[in-house]
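Quick note: the sequence shown uses the numbering used here, first residue 2, plus one each step. This report refers to the structure that appears directly beneath it.
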Amino acid sequence: WFAWVPGMVWLGLKTAFFLLLYLWFRATFPRYRYDQIMRLGWKVLIPVTIVWIFGEGIAIALGWQPWLSGGA
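See below:
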């Protein structure tokens, strides 16, 4: 796609993009306290992860996994 752009220029553009994206997120979203992050992890992220792992296991056991193996 972008073979005409020199490598260092492309690296600089991507770095600037992600730096600005990071700064935008930091300025837009509120800062969470440590206890809020821990509550989010224990009450939301860990249960979602456990359900996801069980779902993956069921998909593998049933042989329904074209998206797991890259369609091969």
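For glycine and all other residues, C-beta sits at the position ideal for the given N, C-alpha and C.
Exercise for the section: Would you kindly report the start and end of the unbroken alpha helix (DSSP H) that includes W25? Expected result: 8-29
Exercise for the section: Please classify W5: does DSSP put it in a helix, a strand, or coil? Expected result: coil
Practice task
Determine the direct distance from the alpha carbon of L21 to that of R40, and round the result to whole angstroms.
Solution key: 29 Å
Problem - Range of the contiguous alpha helix (DSSP H) that encloses W43 - result: Neither: W43 is in no alpha helix (DSSP H) and is coded neither H nor E.
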